[in-house]
Amino acid sequence: MLTGDMLRRAAERFPDKTAVIWQDRRTSYHELEERSNQLAHALASLGLARGAKVAILSRNRTEYVEAFFGTARSGCVLVNVSVLYAPDELQFVLAKADAEVLLVEEPFVERVRSVLPRLPQLRHVVVIGAELPQWPSFERFIAPQPVSLPGVDLHEDEAFCMTYTGGTTGRPKGVLANHRSRAVTAHTVVVESRLTEFDVVAIVTPLFHVAALNIMLQPAVLLGATVVLLTKWDVRVFAQQVREHRVSASFMVPTQVGMIVSDPGFDVADYASWTRLNFSGAPMPDWVQRTVMEKLPGLRLTQFYGQSEMGIVAVMKHEDLDRKLGSVGRQAYNADLALLDTEGRPVAPGEVGEICARGENVMIEYYGEPGQTASFRKHGWAWSGDLATRDEQGFLTLVDRSKDMIISGGENIYPKEIEIVLYEHEAVAECAVFGVPDATWGELPVAHVQLKTGHAASEAELIDFCATRLARFKRPRSIRIVDDFPKTAIGKIQKNVLREQYRQST
């Protein structure tokens, strides 16, 4: 299925229905369809070649949705760029992506100006939300264009979207996806989380990440549901939006869920309409999962496991959460999944293997990274880098990232096992365990811990806590109490940054 067809069909079925709510602005499906077509024509007027890269640097707003569908119809590829990037990171991504056009929201214009001299291939800049003398505004760019379909002959296996990985293992990589792979994942979400055309879907994570685009926006438009966009995350703003717009469904990362249940102003009445929560992006601490289920018993939780590179490959349904706490669920109904050893052989139930997937949900490539792409695709499978076990009932439990595994004195140590123990301590809000070099043992585990508000614990107390629950070789050799963690845009702790910070401090 073509991405643009999702919008076209919704506009044909529900032309006057509200498609997007952003701040005080409402856009109908008919209007969204026409403005997306205008953008597609505007891009064509620039004389871009098929597959040209059109980057967008913006927070969540209506124009982002128009850019997503308009670019998809133009035959170009939308490059989704994080607004969190520092200038050097921004320059790296725009250069690596071969971006020729940049749609930039006004607050980020000066950042773009600072790197533009180093980007000779970036020939066109369009400003979202403002009129500037140097570059056309988004409105001025699309205004002269027709509202009809652009008539570009597209194919499902054609690239249309590129998102950049969060950089948990190093420099971001461009995940190039085609129409079919993203449609497969959108259908997975619709089926597994029981979304319907009557839902009001809140998008509270950044649209520059695949979770917001593919797990919420595309399924909502596919169905003809209404989307509510939050420009940036705020617990109280979310509660107000749920109450005002009768929000029924959303996707969040566990950090956001933790903020809701820990909110001093939490009022269950604010969330009366909220019946479905999809979550992913990082493991949800047990205390967060249990608390949200206690405080909002009418909220149905669905956990998705997947990656930008391979879409959703496993689903944990609400009915299984209590009895399989800690699992990421069974393989999705439309995914091929296996746990393989390093030689590509299936492992037995209960044994550790790497999660691998294949099928129409998998990306085309890491753009401009043939070596990285080859490492990702081996033995006919796409390799996730995540180690897991699978029980006799088919439930997957993540053990750790293969790159994060610690080898100490010849023993394999999985950081997640230590993190699970630390989360059992009543004072621990969030933690991260990683390996550091040691002359004697090769590597040793260390932990960084963030405490819950109003709780106290010392490093020594936490080490003693682990000592009664873990074998000696698994115990953290040091624990640091920290105020916060370096994270990606979707809340994944960047352990590569923690390792570098640790190295510089020792």
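For reference, each letter of the sequence shown is one residue, going 1 to 506 in the UniProt record's numbering.
Positions of the beta carbon are idealized from the N, C-alpha and C atoms, including for glycine.
If you're wondering where the values come from, they're calculated on a predicted model, not measured in any experiment.
Please report the residue range of the beta strand (DSSP E) in which residue i lies.
i	result
Pro-445	442–451
His-179	Counting along the chain, His-179 falls outside any beta strand (DSSP E), though it belongs to the alpha helix (DSSP H) covering 179–193.
Met-284	From DSSP, Met-284 is part of no beta strand (DSSP E); its letter is neither H nor E.
residue 508	Past the boundaries of the shown model lies residue 508; the chain is included only from 1 to 506, so the question cannot be answered.
Ala-52	No beta strand (DSSP E) contains Ala-52, which DSSP labels as neither H nor E.
Ser-478	478–481
Asp-438	428–438
Val-268	Segment: none, Val-268 is in no beta strand (DSSP E) and carries neither H nor E.
Thr-221	Checking the sequence, you will find Val at residue 221 rather than Thr. That residue, Val-221, is in no beta strand (DSSP E); its alpha helix (DSSP H) goes 218–223.
Considering just the uninterrupted stretch of the alpha helix (DSSP H) at residue i, what are its terminal residues?
i	result
Gln-501	495–505
Arg-243	235–245
Asp-88	87–96
Lys-416	415–423
Met-259	254–262
Ala-460	459–467
Gln-23	No alpha helix (DSSP H) contains Gln-23, which DSSP labels as neither H nor E.
Leu-301	Unbroken run through Leu-301 is the beta strand (DSSP E), 300–307; no alpha helix (DSSP H).
Ala-67	62–74
Would residue i and residue j be called neighbours here (beta carbons separated by less than 7 Å)?
i	j	result
Arg-390	Pro-346	no
Ile-479	Glu-459	yes
Tyr-271	Val-292	no
Ala-432	Leu-498	yes
Leu-57	Val-101	no
Val-147	Gln-240	no
Ala-357	Leu-325	no
Ala-447	Pro-486	no
Leu-32	Ser-74	no
Leu-396	Val-328	yes
Val-83	Ala-55	no
Thr-27	Ala-72	no
Ser-250	Val-204	yes
Leu-470	Val-421	yes
Phe-14	Gly-224	yes
Ala-130	Glu-106	yes
Does the beta-carbon of residue i, which I'm using as the reference point, lie nearer than 6 Å to any heavy atom of the ligand MG?
i	result
Met-252	No copy of the ligand MG occurs in the structure displayed, which carries no ligand at all.
If you draw a straight line from the alpha carbon of residue i to that of residue j, how long is it in whole angstroms?
i	j	result
Phe-304	Leu-340	21 Å
Arg-8	Asp-484	44 Å
Val-184	Gly-385	22 Å
Lys-232	Glu-369	32 Å
residue 509	Leu-195	This structure does not reach residue 509, given that the chain is present from 1 up to 506, and the question cannot be answered.
Ile-142	Asp-5	20 Å
Lys-474	Asn-496	20 Å
Ser-45	Ser-308	31 Å
Val-20	Ala-202	10 Å
Val-112	Asp-88	10 Å
Glu-411	Tyr-164	34 Å
Gly-409	Asp-438	10 Å
Ala-269	Glu-139	39 Å
Ile-355	Arg-300	26 Å
Gly-47	Asn-361	31 Å
Leu-222	Gln-450	40 Å
Asp-464	Asp-286	21 Å
Glu-34	Thr-226	17 Å
Lys-173	Tyr-367	7 Å
Trp-274	Gln-504	45 Å
Lys-295	Pro-219	27 Å
Asn-334	Ile-312	9 Å
Pro-264	Ser-36	41 Å
Pro-254	Met-316	14 Å
Val-235	Leu-217	20 Å
Trp-22	Gly-435	44 Å
Val-288	Val-257	7 Å
Here's the rule: buried if 16 or more other CB atoms are within 10 angstroms of the residue's CB, otherwise exposed. What is residue i?
i	result
Pro-150	buried
His-155	exposed
Val-237	exposed
Ser-280	buried
Ile-407	exposed
His-134	In the sequence on display, residue 134 carries Gln and not His. When all chains shown are included, Gln-134 counts as exposed.
Thr-342	exposed
Glu-188	Reading off the sequence shown, one finds Thr at residue 188, where the question assumed Glu. With 16 or more Cβ atoms within 10 Å of its Cβ, Thr-188 is classed as buried.
Arg-171	exposed
Gln-121	exposed
Ser-193	buried
Gln-494	buried
Glu-365	buried
Val-77	buried
His-455	exposed
Under a CB-based cut-off of 7 Å, is residue i close to chain B?
i	result
Pro-415	This model lacks chain B altogether, as it is built from one protein chain only.
Problem - Uninterrupted alpha helix (DSSP H) stretches inside the region 83–158 (no shorter than 4 residues) - result: 87–96, 109–115, 138–142
Problem - Segments of 4+ residues assigned as alpha helix (DSSP H) that fall wholly inside the region 328–412 - result: 370–376
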